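Engineer:
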Amino acid sequence: MSNSPKTLFDKVWDSHVVRQIADGPDVFFIDRHFIHEVTSPVAFLGLEQRGVGVLFPEKTFATADHNTPTINQHLPVEDPLSANQLLQLEKNTGKYGISHWGLGNPKNGIVHVVGPENGITLPGMTIVCGDSHTSTHGAFGAIAFGIGTSEVEMVLSSQCIMQPKPLKMRINVNGQLGKGVTPKDVALYIISKLSTSGATGYFVEYAGDVFENMSMEGRMTVCNLSIEMGARGGLIAPDQTTFDYIHGRELAPKGLEWDKQLAYWKTLKTDAGSVFDKEITFLASDIEPMITYGTNPGMGMGISRNIPQAKDLEGGASSYAKSLDYMGFEENDSMIGKKVDYVFIGSCTNGRIEDFRAFASIVKGRKKADHVTAWVVPGSHVVEAQIHEEGIYDILTEAGFALRQPGCSACLAMNDDKIPAGKYAVSTSNRNFEGRQGPGSRTLLASPLVAAAAAITGVVTDPRQFL
Ligand code: SF4
6 MSNSPKTLFD
16 KVWDSHVVRQ
26 IADGPDVFFI
36 DRHFIHEVTS
46 PVAFLGLEQR
56 GVGVLFPEKT
66 FATADHNTPT
76 INQHLPVEDP
86 LSANQLLQLE
96 KNTGKYGISH
106 WGLGNPKNGI
116 VHVVGPENGI
126 TLPGMTIVCG
136 DSHTSTHGAF
146 GAIAFGIGTS
156 EVEMVLSSQC
166 IMQPKPLKMR
176 INVNGQLGKG
186 VTPKDVALYI
196 ISKLSTSGAT
206 GYFVEYAGDV
216 FENMSMEGRM
226 TVCNLSIEMG
236 ARGGLIAPDQ
246 TTFDYIHGRE
256 LAPKGLEWDK
266 QLAYWKTLKT
276 DAGSVFDKEI
286 TFLASDIEPM
296 ITYGTNPGMG
306 MGISRNIPQA
316 KDLEGGASSY
326 AKSLDYMGFE
336 ENDSMIGKKV
346 DYVFIGSCTN
356 GRIEDFRAFA
366 SIVKGRKKAD
376 HVTAWVVPGS
386 HVVEAQIHEE
396 GIYDILTEAG
406 FALRQPGCSA
416 CLAMNDDKIP
426 AGKYAVSTSN
436 RNFEGRQGPG
446 SRTLLASPLV
456 AAAAAITGVV
466 TDPRQFL
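Every number in this note's numbering is 5 more than the matching position in the sequence shown, counting from 1.
1) How would you call Ser197, buried or exposed, if buried means at least 16 neighbouring beta carbons within 10 angstroms?
2) Can you find the residues in the same chain that come closer than 6 Å, C-beta to C-beta, to Asn177, ignoring five residues on each side of it along the sequence?
3) Can you look up Val116 in the DSSP assignment and give me helix, strand or coil?
4) Measuring alpha carbon to alpha carbon, tell me which residue in Asp15, Met304, Phe34 is nearest Val23.
5) Kindly give me the distance between the Cβ atoms of Ile132 and Ala147, rounded to whole angstroms, as I take these residues to be in contact under 8 Å.
6) Any chance you could list the beta strand (DSSP E) runs of at least 3 consecutive residues sitting entirely within the stretch 21–57, in chain order?
7) For the ligand SF4, is there any heavy atom lying closer than 7 Å to the beta carbon of Cys413?
8) Is the stretch 454–472 touching the stretch 427–438 in the sense that three or more CB pairs, one from each, lie closer than 8 Å?
9) Is the beta carbon of Leu472 closer than 8 Å to that of Gly185?
10) Please check the pair Leu172 and Tyr207, which I expect to be a contact at CB under 8 Å, by giving their CB distance rounded to whole angstroms.
11) If we ignore side chains and look at the alpha-carbon of each, how far apart do Asn89 and Ala67 end up?
12) Three-state secondary structure (DSSP) at His105?
13) Beta-carbon separation of Met306 and Ser328 under 8 Å?
14) Grab the span of the beta strand (DSSP E) containing Ala379 for me, first residue to last.
15) From what residue to what residue does the beta strand (DSSP E) around Ile350 run?
16) I'd like the span of the beta strand (DSSP E) that includes Val178, first residue to last.
17) Which of the three DSSP states is assigned to Phe3 in this structure?
18) Quick check on the DSSP output: the alpha helix (DSSP H) that includes Gln314 runs from which residue to which?
19) Could you give the first and the last residue of the continuous alpha helix (DSSP H) run that contains Ala460?
20) Which class does Arg447 belong to by DSSP, given the choice of helix, strand or coil?
21) For Cys413, name the three-state secondary structure that DSSP assigns.
22) Pop quiz: Lys428 and Tyr331 are said to be a contact at Cβ under 8 Å. What is the actual Cβ separation, rounded to whole angstroms?
23) With a Cβ-Cβ cutoff of 8 Å, do His71 and Met419 count as a contact?
24) By Cβ distance, which residues of its chain are closer than 8 Å to Leu94, with the 5 residues on each side in sequence left out?
25) Going by the DSSP bridge assignment, what does Glu284 pair with across the sheet?
26) Report yes if the C-beta distance between Gly412 and Thr75 is below 8 Å; otherwise report no.
27) DSSP puts Thr68 in a beta bridge; with which residues?
28) Using the three-state DSSP reduction, which class does Lys344 fall into: helix, strand or coil?
29) Can you tell which of Gln181, Glu389, Gly58 has its C-alpha closest to the C-alpha of Ile115?
30) Is Asn123 closer than 8 Å to Arg254 when the C-beta atoms are compared?
31) Could you check if Ile115 belongs to the surroundings of the ligand SF4, using beta carbon to heavy atom distance under 7 Å?
32) Determine the DSSP secondary structure at Glu156, reduced to helix, strand or coil.
33) Compute the Euclidean distance between the alpha carbons of Lys423 and Glu284, then round it to the nearest angstrom.
34) Heavy atom of the ligand SF4 less than 7 Å from the Cβ of Asn473, yes or no?
35) Going by beta carbon distance, what residues of the same chain come within less than 7 Å of Gln168, once the five residues before and after it are set aside?
36) Tell me whether Asn77 is buried or exposed, calling it buried when 16 or more other Cβ atoms sit within 10 Å of its Cβ.
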């Protein structure tokens with residue numbers, strides 16, 4: 006065995022390679038496989054057609070989230086396509102003996118929220134799901150990434166996947182974050198500096214004071230957004246914050262098994278002297294609350310700044326003009342004061358309890374603007390219960406907000422939660438592509454604090470004035 010220093014990523018990757026293929030991808034073992042109603046039906050059909058089964062059903066976990074309604078979940082789902090996908094998920098998981106947390110199950114919620122909160126996501130694991138934002142689970146020091154439908158089938162049948170090993174990048178953010186600057190702002194800031202392709206081909210490790218001092222919820226937000234800069238995924242070394250979060254969760258190791266696993270998890274850090282293919286460092290003090298003004302997550306800026314001019318940016322002026330035209334914005338515009346029609350807090354990026362605490366900290370004692378439609382959507386039933394237990398529900402309702410039921414909701418608008426064409430939505434989700442939140446919708450990505458400030462003023466507002 007080599008004694009040369011290893012990165013966290015190498016330690017986890019190398020321990021999961023089943024076979025190396027010369028000049029080809031590695032055959033890579035998967036510890037946890039999450040599935041949902043949208044990308045799994047075709048994969049199960051493929052299994053049927055090939056006449057093969059599920060190799061390790063106990064390593065796969067299913068939840069319904071992508072196209073589920075966020076009101077009246079006790080009623081039959083009206084949309085026939087969604088209803089059929091949900092039925093297929095129930096049938097397929099039943100047939101193969103896979104855990105299924107469907108609508109109405111108290112453990113139901115967004116796949117990247119329920120995995121960690123139930124103790125399924127653990128340090129040092131390899132985790133995949135047919136959803137791009139599987140990178141979320143990297144917050145625990147796991148290698149986690151999204152896969153396509155044919156790969157879902159591959160993992161179901163063999164528990165392995167063919168993967169070329171990505172390059173390694175380390176992004177350090179050092180110093181102390183300022184007032185009103187959240188993990189979402191850190192991630193949007195990094196993407197705005199690197200662009201949506203700046204980490205293509207890399208797996209990113211986040212390091213430095215800012216991530217060391219961050220909660221697990223915040224780390225999940227950051228890792229979630231890794232793929233928006235093109236990275237295969239992102240991860241953060243597990244530490245006491247990680248261990249404290251996992252300890253006692255229902256499916257986490259217990260007793261002697263906990264002690265054994267903990268001893269291993271403590272070895273999961275990048276050794277001094279390890280070499281990365283690329284390393285970038287930012288200062289926390291340069292980051293302010295962020296907002297996007299364009300049609301990709303890299304088109305973000307500090308909320309107090311003006312929209313950049315094409316001449317100051319790399320890339321095509323015509324696509325930049327097209328993007329601003331879609332958004333109805335002009336170069337050099339201030340974002341502060343722009344009218345907001347919708348506010349969405351939720352998704353696997355910002356649908357955890359800490360996000361609702363932040364949102365409530367601003368709306369407490371204030372009123373929602375009359376013209377704003379707000380969708381407040383917990384990431385899971387567990388989060389929904391916490392919202393009630395902590396009194397956040399009362400704060401929200403007194404301020405004029407209604408709490409919906411868990412699901413992906415307006416993150417990708419596969420259910421009825423669609424932003425109408427031409428309307429502006431401040432959204433805590435992860436993508437602002439044209440039509441992502443509904444045909445013709447215009448999305449401004451931001452943190453829960455910025456979303457809350459917009460919801461009560463009805464315009465884009467710097468949340469720091471309320472803190
Ligand atoms: S909230 Fe959005 S990104 Fe997250 S799992 Fe659902 S659809 Fe995917």
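Where a beta carbon is used, it is the ideal one built from N, C-alpha and C, also for glycine. Since the structure is predicted, the reported quantities are computational estimates derived from the model, not experimental observations.
Structural biologist: Taking the geometry as given:
1) Residue mapping note: residue 197 aligns to position 192 of the sequence shown, counting from 1. So Ser197 counts as buried.
2) Within the sequence shown, the letter at position 172 stands for residue 177. These residues qualify, in order along the chain: Ala212, Gly213, Thr286.
3) The residue given as residue 116 occupies position 111 in the sequence shown. Looking at Val116 - three-state DSSP - the assignment turns out to be helix.
4) For the purposes of this step, residue 23 is taken as the residue at position 18 of the sequence shown. Closest by C-alpha distance to Val23, out of Asp15, Met304, Phe34, is Phe34.
5) Mapped onto the sequence shown, residue 132 falls at position 127. Mapped onto the sequence shown, residue 147 falls at position 142. Ala147 and Ile132 do touch by the CB rule: their CB atoms are close to 5 Å apart, below 8 Å.
6) 22–25, 31–34, 37–40
7) Here residue 413 corresponds to residue number 408 of the sequence shown, with the count starting at 1. Yes, Cβ of Cys413 sits closer than 7 Å to a heavy atom of the ligand SF4.
8) yes
9) Against the sequence shown, residue 185 aligns to sequence position 180. Against the sequence shown, residue 472 aligns to sequence position 467. Yes; because the gap between Cβ atoms is below 8 Å, this pair is in contact.
10) Numbered from its first residue, the sequence shown carries residue 172 at position 167. Numbered from its first residue, the sequence shown carries residue 207 at position 202. Indeed, because the Cβ distance is near 5 Å, the residues count as touching under 8 Å.
11) Looking up residue 89 in the sequence shown gives position 84. Looking up residue 67 in the sequence shown gives position 62. Spanning the two alpha carbons is a distance of roughly 16 Å.
12) As a position in the sequence shown, residue 105 is number 100, starting the count at 1. In the structure shown, His105 sits in a strand (DSSP, three-state: E or B).
13) As a position in the sequence shown, residue 306 is number 301, starting the count at 1. As a position in the sequence shown, residue 328 is number 323, starting the count at 1. Not a contact, by the Cβ cut-off of 8 Å.
14) If you number the sequence shown from 1, residue 379 lands on position 374. Note, Ala379: beta strand (DSSP E), 378–381.
15) Position 345 of the sequence shown holds residue 350. 347–350 is the extent of the beta strand (DSSP E) around Ile350.
16) Reading the sequence shown from its first residue, position 173 is the one you call residue 178. First-last of the beta strand (DSSP E) with Val178: 172–179.
17) As shown, the chain starts at 6 and ends at 472. That puts residue 3 outside it, with no answer to give.
18) Working through the sequence shown from its first residue, we reach residue 314 at position 309. Taken as a continuous stretch (DSSP letters only), Gln314 belongs to no alpha helix (DSSP H), as it is neither H nor E.
19) Walking along the sequence shown from the start, residue 460 turns up at place 455. Residues 453–462.
20) For this step, residue 447 is matched to residue 442 along the sequence shown. Strand.
21) For the purposes of this step, residue 413 is identified with residue 408 of the sequence shown, where counting begins at 1. In the structure shown, Cys413 falls within a coil segment according to DSSP collapsed to helix, strand and coil.
22) To locate residue 428, count along the sequence shown from 1; it is residue 423. To locate residue 331, count along the sequence shown from 1; it is residue 326. With 8 Å as the limit, Lys428 and Tyr331 do not qualify as a contact, their Cβ atoms being about 13 Å apart.
23) For this step, residue 71 is matched to residue 66 along the sequence shown. For this step, residue 419 is matched to residue 414 along the sequence shown. Their beta carbons are under 8 Å apart, which means His71 touches Met419 by this criterion.
24) Residue mapping note: residue 94 aligns to position 89 of the sequence shown, counting from 1. Contacts found: Ile40, His41, Glu42, Ser45, Pro46, Ala67, Ala69, His105, Gly107.
25) In the sequence shown, the residue the question calls residue 284 occupies position 279. Answer is Arg175, bridged to Glu284.
26) What you label residue 412 is simply residue 407 of the sequence shown in a count that begins at 1. What you label residue 75 is simply residue 70 of the sequence shown in a count that begins at 1. Yes.
27) Stepping through the sequence shown from its first residue, residue 68 is reached at position 63. Looking at the DSSP assignment, Thr68 forms a beta bridge with Trp106.
28) Stepping through the sequence shown from its first residue, residue 344 is reached at position 339. It is a strand residue.
29) Translated into the one-based positions of the sequence shown, residue 115 becomes position 110. Minimum Cα distance to Ile115 is reached at Glu389.
30) Looking up residue 254 in the sequence shown gives position 249. Looking up residue 123 in the sequence shown gives position 118. Contact flag set, yes.
31) Counting from one through the sequence shown, the residue named residue 115 turns up at place 110. For Ile115, the shortest C-beta to heavy atom distance toward the ligand SF4 is below 7 Å.
32) By 1-based counting over the sequence shown, the position of residue 156 is 151. Helix, per DSSP.
33) Within the sequence shown, numbered from 1, the residue matching residue 423 stands at position 418. Within the sequence shown, numbered from 1, the residue matching residue 284 stands at position 279. Taking the straight line from one Cα to the other gives about 39 Å.
34) In this structure the chain extends from 6 to 472, so residue 473 is not present and cannot be described.
35) On the sequence shown, position 163 is the one that residue 168 refers to. The answer, listed in chain order, is Pro30, Asp31, Phe33.
36) To locate residue 77, count along the sequence shown from 1; it is residue 72. Counting Cβ neighbours within 10 Å, Asn77 comes out exposed, since fewer than 16 surround it.
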